[in-house]
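Chemist: Pasting in a structure now, in structure tokens, and then I'll have a few things to ask.
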Amino acid sequence: MNQKMKTNNEKKKNMEFEFCKACNLNHDQGQNHKYFPNHKKSLSNFLSRFQTKLADIRFFLKNPTILRPELASRNRIWCIFCDFDIHETGSSFACAKAISHLASEEHLKKLKHFMWKYGGGMDRVDTFRISEADAAKWEKKCEALRNDASSYSDGSRGMQVRPSNGMSIRYPIQDSLQLGMLDHPCMVLYPLCLWAHVLLQVYAIQTIQRVIGIANILSLITV
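For what it's worth, the working numbering labels the leading residue of the sequence shown as 1, then goes sequentially.
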């Protein structure tokens, strides 16, 4: 009798409804659900969308960018593995809190649970996280930027050539802020091609300034 009741309880438990994040629906199929073709297709799309956002975050991981306070509230991302809304309010750099979260042990733990429950492959875990080593490199770059900013505020940043006509030429990347680079709401994580376009504009402006500066210097020499 007890064995029969135990079997019935197990069947009832297996028939309980649960919500699938990937498919965005309730089902009573238990762990078998993750093997269905429709689920696999939904899961693939679900992970691909998040991977696109991660690609943009990895851009800022490799290229730390100072985050202006007035744009911080627009710099956010929802972690689908942890059900956690990451806000960048108070962050000094773009995607700083997202990078910290994706490199955390808590994120890794919940990511592995997600892969076990919904599928996706444990061999892909590293695709959806940031390693501690990469996070450490990012922090060092951020510290270097802080030091540069401090030096700049003291008037010691940037090599300048000053011809007699008073024209000033700067060789570091022109203040990105002045060129509107950070006016662009990267906080919504726009496609990187847009950033590439901005960087090309920065390079073009620098090149023009160098040519003008050299021409002015040569004119002074030939006089």
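Backbone N, C-alpha and C define an ideal beta-carbon position, used for all residues, glycine too.
1. Could you tell me which residues DSSP pairs with N26 in its beta bridges?
2. Take T65 and list the residues in its own chain whose beta-carbon comes closer than 6 angstroms to its own, dropping the five residues that flank it on each side.
3. If you check the beta carbons only, do K112 and I77 fall under 9 angstroms apart?
4. Per DSSP, I66 is paired with what?
5. With DSSP run on the structure shown, which of helix, strand or coil describes D83?
6. Which residue or residues does DSSP assign as beta-bridge partners of W78?
7. Counting pairs of Cβ atoms below 8 angstroms between the stretch 44-52 and the stretch 117-133, do you hit three or more?
8. Compute the beta-carbon to beta-carbon distance between K21 and I86, rounded to the nearest angstrom, for a pair I have assumed lies under 8 angstroms.
9. Please go through the same chain and pick out, in chain order, the residues whose beta-carbon is closer than 8 angstroms to the beta-carbon of A196, but skip the five residues on each side of it.
10. Helix, strand or coil: which one does DSSP assign to R49?
11. Please confirm whether G90 and A72 have their CB atoms less than 9 angstroms apart.
12. Where does Y35 land, buried or exposed, given buried means 16+ other C-beta within 10 angstroms?
13. Which residues bound the alpha helix (DSSP H) around M122?
14. Please classify S164 as buried or exposed, where buried requires at least 16 neighbouring CB atoms within 10 angstroms.
15. What's the call for L61, buried or exposed, on a 16-neighbour Cβ count within 10 Å?
16. Mark E88 as exposed unless 16 or more other C-beta atoms lie within 10 angstroms of its C-beta, in which case mark it buried.
17. When we look at the beta-carbon of N75 and count the other beta-carbons within 10 Å, is it buried (16 or more) or exposed?
18. Quick one: measure Cβ to Cβ for P110 and C82, integer angstroms, because I've assumed they're closer than 8 angstroms.
19. Taking all protein chains shown into account, decide if G120 is buried (16 or more other Cβ within 10 angstroms of its Cβ) or exposed.
20. What does a CB cutoff of less than 7 angstroms around W138 pick up in its chain, not counting 5 residues either side in sequence?
21. Distance check for D134 and A144, CA to CA, integer angstroms please.
Modeler: Short version:
1. F19
2. A94
3. no
4. F93
5. coil
6. D85
7. yes
8. Between I86 and K21 the Cβ distance is about 17 angstroms, and since that is not below 8 angstroms, they are no contact.
9. Residue confidence is low: A196 scores 48 on pLDDT, short of 50, so the model does not pin down where it sits. Its coordinate-derived value is still stated next. Excluding positions up to five away in sequence, the list is empty.
10. helix
11. yes
12. exposed
13. Note, M122: premise wrong, no alpha helix (DSSP H); not H, not E.
14. Any reading at S164 needs caution, since the residue's pLDDT is 32, under 50, leaving its predicted position unreliable; the model's value is listed next. S164 should be labelled exposed.
15. buried
16. buried
17. buried
18. A small fix is needed here, since residue 110 is Lys in this sequence, not Pro. Rounded, the Cβ-Cβ distance is 5 angstroms, consistent with contact.
19. buried
20. L61, P64, I99
21. 15 angstroms
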